[in-house]
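Only one structure is covered here, and it is reproduced in the block below.
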Amino acid sequence: MNIQKDFFLYQAQTTKFAAGFEVEKAEGSYIVGKDGRRYLDFVAGVSANTLGHSHPKIVNAIVEQATKYLHVMVYGEYAQEMPVALCKLLAESTPAPLEITYLVNSGAEAIDGSLKLAKRYTGREEIISFKNSYHGNTHGALSVSGNEFHKREFRPLLPMIDFIEFNDENEFYKITEKTACVIMETIQGAAGFLVPDPNYLFNLKKRCEEVGALLILDEIQPGFGRTGKLFSFEHFGIVPDILVMGKGMGGGVPVGAFMSSKEIMETLSYSPKLGHITTFGGNPLIAASSYATLKEVLESGLMDEIEEKECLFRKLLDHPKVQNINGKGLMLAVNLGSPEYTLEVAKKCMEKGLIVFWQLYRNEYLRISPPLTISLEEIREGCKIILDVLNDN
Ligand SMILES: Cc1ncc(COP(=O)(O)O)c(C=O)c1O
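Under the working numbering, the sequence shown has 685 at position 266, and the numbering climbs by one with no breaks.
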């Protein structure tokens with residue numbers, strides 16, 4: 420079987436230029452290709468592999484659950500050990516009033532669920548989102564994403580959404596008594612890992628409270644420790660009304676979730692009942708993987724190492740061809756000046772055994788989002804490859 424040929428023939432494509440890289444196996448910070456080569460992974464499945472590839476604790480948790488039972492019922496009917504343990508540990512690990520978790524299948528579904536929850540709780544219709552934001556690709560998540568290029572062929576999308584400028588408090592007047600929610604990526608991902616100014620989130624939350632709008636924070640990328648805190652809002656002294664997570668919370672399996680207070684969340688269970696339903700949300704296999712990931716992130720001390728690892732990246736990548744480095748912790752975006760050059764660098768890095776990527780909207784930014792478990796030695800090894808490529812090209 421020619422996997423690459425069949426990939427292009429039978430599997431739907433997202434672009435006309437997929438890499439089609441063939442994977443044999445993956446372990447720790449490395450992916451082993453069918454070509455027999457080991458590739459150091461600075462991308463981690465686009466921020467999904469929090470603990471690296473095939474972490475033994477995750478694999479064991481999945482195998483243990485698989486030997487007991489797989490899917491037994493749709494979400495929300497049976498009390499199953501792993502999803503309950505995950506929701507409980509999330510409640511214990513996040514500040515009040517975040518206490519109840521709704522488990523779903525993907526980040527985009529979690530975004531859709533959070534928007535429905537905000538509308539249902541407030542009884543309002545308007546939504547404020549941000550220019551250059553990315554929240555996923557379902558109709559709802561695409562509607563609140565702030566990039567016209569990716570939306571225009573799919574209209575009509577959700578109505579009554581306005582977009583404000585990230586980090587610009589002058590636009591707060593658009594958040595009014597008619598606003599159900601403001602939805603924001605705490606750190607804007609596709610836009611090149613933009614971090615909010617120190618007081619911005621505090622003032623945004625204050626404005627939301629003044630007018631009775633809910634603040635939804637999309638932590639699908641920073642979630643589970645990537646910035647040195649379990650969620651990145653913890654750096655900014657506020658707590659959102661609704662917290663959305665996905666990607667890295669699964670440790671390598673498909674998952675999403677949104678959290679809020681009991682008072683807000685319970686509005687999804689009446690008038691109408693079944694306000695959001697899903698077959699596979701809270702699946703025990705997925706929950707086992709996510710629970711093992713969360714426990715390890717909380718207990719391993721990994722989050723305490725993030726700052727040192729970020730500093731090392733920033734120090735090693737100080738090079739004349741690097742214009743600036745955005746981001747926080749192990750979500751870094753390295754500006755190489757032009758999309759063409761960044762693509763070339765990524766390609767050359769791959770030839771030398773290093774996987775890097777670029778940011779979705781800002782292709783001139785090289786994406787660095789390795790597993791949190793990456794060692795200092797592996798950071799040095801990968802950065803040397805980037806520097807060699809920058810020097811030679
Ligand atoms: C910030 C953010 N929100 C939402 C999503 C959508 O998540 P998913 O691809 O699991 O639907 C992503 C995925 O990249 C994301 O980065």
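Just so you know, even glycine gets a beta-carbon here, dropped at the ideal spot from N, CA and C.
Sequence-distant residues of the same chain with beta carbon closer than 6 angstroms to residue i, five excluded per side
{"i": "ASP742", "result": "Here residue 742 turns out to be Gln, not Asp, going by the sequence shown. Counting only Cβ-Cβ distances below 6 angstroms, and skipping sequence neighbours, we find ASN754, GLY756."}
{"i": "GLU596", "result": "VAL630"}
{"i": "MET579", "result": "GLU544, GLU545"}
{"i": "GLY611", "result": "ASN745, ALA752, GLN778, ARG781, TYR784"}
{"i": "PRO703", "result": "GLN484, GLN499, MET501"}
{"i": "SER816", "result": "Here the chain has residues from 420 to 812 only, and residue 816 is not among them."}
{"i": "THR541", "result": "ALA599"}
Heavy atom of ligand 1 within 8 angstroms of residue i beta-carbon
{"i": "ASN745", "result": "no"}
{"i": "ALA560", "result": "yes"}
{"i": "GLU528", "result": "yes"}
{"i": "HIS569", "result": "no"}
{"i": "HIS554", "result": "yes"}
{"i": "ILE639", "result": "yes"}
{"i": "LYS424", "result": "no"}
{"i": "GLU604", "result": "yes"}
{"i": "VAL465", "result": "yes"}
Neighbourhood of residue i by C-beta distance below 8 angstroms, restricted to the same chain and skipping five residues each side
{"i": "LYS771", "result": "ILE804, ASP807, VAL808"}
{"i": "THR520", "result": "LEU505, CYS506, LEU509, ALA510, ALA676, PHE677, MET678"}
{"i": "PRO673", "result": "ASN524, SER525, ILE705"}
{"i": "ILE798", "result": "LYS728, LEU731, PHE732, LEU735, PRO789"}
Per-residue burial, residue i [other beta carbons within 10 Å of its own, 16 or more giving buried]
{"i": "TYR710", "result": "buried"}
{"i": "LEU795", "result": "exposed"}
{"i": "LYS507", "result": "exposed"}
{"i": "ASP531", "result": "buried"}
{"i": "CYS730", "result": "exposed"}
{"i": "TYR592", "result": "exposed"}
{"i": "PRO641", "result": "buried"}
{"i": "LYS747", "result": "buried"}
{"i": "SER651", "result": "buried"}
{"i": "MET684", "result": "buried"}
{"i": "THR433", "result": "exposed"}
{"i": "THR469", "result": "buried"}
{"i": "LYS472", "result": "One detail in the question is off: residue 472 reads as His in this sequence, not Lys. By the neighbour-count rule (16 or more Cβ atoms within 10 Å), HIS472 is buried."}
{"i": "ARG626", "result": "buried"}
{"i": "GLY439", "result": "exposed"}
{"i": "LEU517", "result": "buried"}
{"i": "PRO514", "result": "exposed"}
{"i": "PRO475", "result": "exposed"}
{"i": "ILE422", "result": "exposed"}
{"i": "LEU687", "result": "buried"}
Residues near residue i by beta carbon distance below 7 angstroms, same chain, minus five either side
{"i": "THR557", "result": "ALA527, GLU528, ASP531"}
{"i": "ILE594", "result": "ILE547, VAL601, ARG626, CYS627, VAL630, ALA632"}
{"i": "LEU721", "result": "GLY644, LEU791, THR792"}
**Q.** Meets three-Cβ-pair contact criterion under 8 angstroms: the region 451 to 459 and the region 772 to 779
**A.** yes
Q) Hey, is the region 602 to 611 in contact with the region 547 to 555, meaning 3+ C-beta pairs nearer than 8 angstroms? A) yes
Q. Can you find at least 3 beta carbon pairs, one from the region 479 to 499 and one from the region 438 to 457, that sit closer than 8 angstroms?
A. no
Q: Count the CB pairs spanning the region 654 to 673 and the region 698 to 718 that are closer than 8 angstroms, and state whether there are at least three.
A: yes
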